[in-house]
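Residues 1 to 267 in the UniProt record's numbering are what the sequence shown lists, from first letter to last.
Just so you know, even glycine gets a beta-carbon here, dropped at the ideal spot from N, CA and C.
Before any comments, here is the structure.
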Amino acid sequence: MSATQTTPRQATAATTPLSRMTALARAELTLLGRTKGALAAALFVPLVMPVSVRSAAEEMDLAGAGLSTGTLVLPAAVGFSLLFAVYSVLVGVFVVRREELVLKRLRTGELRDAEILAGSALPAALTGLAQCLLLTVGCVALLDLTAPSAPHLVVIGLLLGLVMCSALAAATASFTRTGESAQATPMPLLLISMIGSGMFVPLELLPDKVASVCELLPLTPVVTLVRGGWAGNLSGYEALGALATAMAWILIAVFAVRRWFRWEPRR
1 MSATQTTPRQ ATAATTPLSR MTALARAELT LLGRTKGALA AALFVPLVMP VSVRSAAEEM
61 DLAGAGLSTG TLVLPAAVGF SLLFAVYSVL VGVFVVRREE LVLKRLRTGE LRDAEILAGS
121 ALPAALTGLA QCLLLTVGCV ALLDLTAPSA PHLVVIGLLL GLVMCSALAA ATASFTRTGE
181 SAQATPMPLL LISMIGSGMF VPLELLPDKV ASVCELLPLT PVVTLVRGGW AGNLSGYEAL
241 GALATAMAWI LIAVFAVRRW FRWEPRR
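Printed below as a string of structure tokens:
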């Protein structure tokens with residue numbers, strides 16, 4: 001054997017978790033592009049929903065809460081992208097890949113369980129990130145938003161949202177039996193988040209007791225960090241509280257995945 005030849009053992013050793021996840025993500029991106037219905041919902045629904053939020057904002061006393069139309073619509077737009085482009089899409093991805101025995105076959109190779117889930121989630125997460133950035137540019141241009149007062153909070157909130165929605169999608173897939181039911185099982189979180197996480201109505205305009213409960217919802221800390229980082233009305237204590245709530249939901253979702261996620265079809 002010549003010095004330039006590579007043995008199978010050496011080729012295997014050359015792979016890294018990043019290279020394995022990247023290869024899986026490329027394959028998943030190709031498959032995602034073939035699911036026209038899910039792709040259309042993920043790309044266009046988050047672009048349309050902020051229009052409804054802007055219409056609703058005209059009937060609210062946002063100035064009394066230290067907010068503006070822009071600081072209401074922008075975090076809502078980010079929330080819609082996370083819910084539809086990341087969470088809802090990934091529930092279907094995990095369930096369909098499981099039912100088609102893709103996940104089972106992947107486990108027989110080099111990929112570890114965490115790499116399979118992360119690689120499968122990467123295309124949807126990147127799509128959601130790109131969509132959030134596009135919507136942010138649109139909101140800044142159309143709603144006369146100034147630069148964020150605390151951009152680090154906006155970035156942290158967005159990154160936590162991407163991780164949280166990916167983990168919650170895997171947890172939801174654990175209790176979803178078929179690809180058809182994957183269209184329904186995300187609905188509770190979608191509806192609860194849109195109603196109670198400050199996307200349509202800021203928590204500042206809700207009664208104190210109701211707002212205290214809504215602060216504990218999964219997407220609320222993400223919306224709070226993005227809105228507070230842009231408006232500059234979030235105290236250090238409130239920011240730490242939002243961070244703690246987001247991390248708690250991520251840990252809960254990870255525990256649920258480790259405990260109940262199924263790698264083979266449910267019978």
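Query: Short check: CB of GLU59 to CB of PRO123, under 9 Å?; Result: no
Query: How many Å lie between ARG98 and ALA182 at the Cα?; Result: 12 Å
Query: Would you report the Cα separation of LEU62 and PHE200, rounded to the nearest angstrom?; Result: 12 Å
Query: What residue range does the alpha helix (DSSP H) around MET187 cover?; Result: 187-196
Query: Here's the rule I'm using: 16 or more other beta-carbon atoms within 10 Å means buried, otherwise exposed. How should GLU100 be labelled?; Result: exposed
Query: Who are the Cβ neighbours of ILE250 in its own chain at under 8 Å, not counting the five residues just before and after it?; Result: LEU160, VAL163, MET164 and ALA167
Query: Would you call the stretch 78-88 and the stretch 123-138 in contact, with 3 or more CB pairs under 8 Å?; Result: yes
Query: Check whether the stretch 99-117 and the stretch 256-265 are in contact - that is, three or more C-beta pairs closer than 8 Å.; Result: yes
Query: Pick out whichever of ASP144, MET21, ALA147 and ALA171 has its Cα sitting closest to the Cα of VAL91.; Result: ALA171
Query: Could you give the C-beta distance for GLY70 and LEU145, rounded to a whole number, given that I count them as a contact under 8 Å?; Result: 4 Å
Query: Can you look up THR127 in the DSSP assignment and give me helix, strand or coil?; Result: helix
Query: Just mark VAL194 as buried or exposed, buried being the case when its beta carbon has 16 or more other beta carbons within 10 Å.; Result: This sequence places Met at residue 194; Val is not what is there. Under this definition MET194 is a buried residue.
Query: Whole angstroms are fine: how far does the CA of LEU217 sit from the CA of ASP208?; Result: 15 Å
Query: Just reading off the alpha helix (DSSP H) that PRO151 is part of, what are its end residues?; Result: 151-174
Query: Inspect the beta-carbon positions of residue 321 and CYS139 and report whether they are closer than 9 Å.; Result: The requested residue 321 is not part of the displayed model; the chain covers only 1 to 267.
Query: Kindly indicate which three-state DSSP category TRP263 falls into: helix, strand or coil?; Result: coil
Query: Can you tell me the Cα-Cα spacing of ALA150 and CYS214, whole angstroms?; Result: 23 Å
Query: In whole angstroms, give me the CA-to-CA distance for ARG227 and LEU142.; Result: 17 Å
Query: Got a sec? Which residues, its chain only, sit under 8 Å from CYS132 by beta carbon, not counting five neighbours each side?; Result: ALA77, VAL78, SER81, LEU82 and LEU158
Query: I'd like to check one pair, GLY66 with GLU204: are the Cβ atoms closer than 9 Å?; Result: yes
Query: When you compare the CB positions of LEU135 and PRO46, do they come within less than 9 Å of one another, or not?; Result: yes
Query: Just to confirm, is the Cβ distance from ALA242 to LEU234 under 9 Å?; Result: yes
Query: Assuming PHE94 and ALA211 make a contact with CB atoms under 8 Å, what is their CB distance in whole Å?; Result: Incorrect: roughly 33 Å between the Cβ atoms, too far for contact.
Query: Take the Cβ of SER120 as the centre, count every other Cβ of all protein chains shown within 10 Å, and call the residue buried at 16 or more, exposed below.; Result: buried
Query: Cα separation between THR12 and ARG112?; Result: Confidence at THR12 is low in this model, with a pLDDT of 46, below 50, so its placement is unreliable and no value can be given for it.
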